[in-house]
Amino acid sequence: MDNIIKIISRYKSVILYLFFGGCTTIINVLSYWILAHGIQINVMISTVIAWFNAVIFAFITNRKWVFESEARLHKEILKELFAFFVCRITTGMVDFLCMFVFVDILKAYDLLVKILANIVVIIFNYIASKWFIFRK
């Protein structure tokens, strides 16, 4: 039992990151579905709004629970927020580029490419958040 507790405490941020990442994905998909299918807003507008909702949720949960940011001044928090958005925009472009190159040009299986691209994105987001955005 002590070994399990040690493992959990050692990988706490990774476990929380994966949990809140799942929640972020649900928020993204649910927001998109409500906007695009429920309210019938344009697909691209719905996609952008859903992405924005998910990034705000991810920022709050990553800042507070995953990386336990100690920034308290508005200037420090805005710096974290800006860096977080830049990172998420960058990784969003990585995802888009992977889909374009491997699916549209090379005709690879889209679901496999999407899964692999998202694994790369998740890893990059975690590293960027831990080492650059919410560093202690």
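Under the working numbering, think of the first position of the sequence shown as 293, with each following residue one higher.
Glycine included, every Cβ here is placed at the ideal spot set by N, Cα and C.
Check                                                                                                : Outcome
Cβ contact (3+ pairs, closer than 8 Å) linking the region 353 to 362 and the region 395 to 415       : no
Residue span of the alpha helix (DSSP H) that contains residue 424, given as start and end           : Here residue 424 belongs to no alpha helix (DSSP H), and DSSP marks it neither H nor E.
Three-state class that DSSP yields for residue 356 in the structure shown                            : helix
Residue 346 (DSSP reduced to helix, strand or coil)                                                  : helix
Per-residue DSSP class, three states only, for residue 399                                           : coil
Local Cβ density within 10 Å of residue 311, reported as buried at 16 or more and exposed below that : exposed
Residue 365 in three-state terms, based on DSSP                                                      : coil
Among 349, 404, 378, 415, nearest to residue 318 - alpha-carbon criterion                            : 349
Where residue 370 falls, given that 16 or more other Cβ within 10 Å makes a residue buried           : exposed
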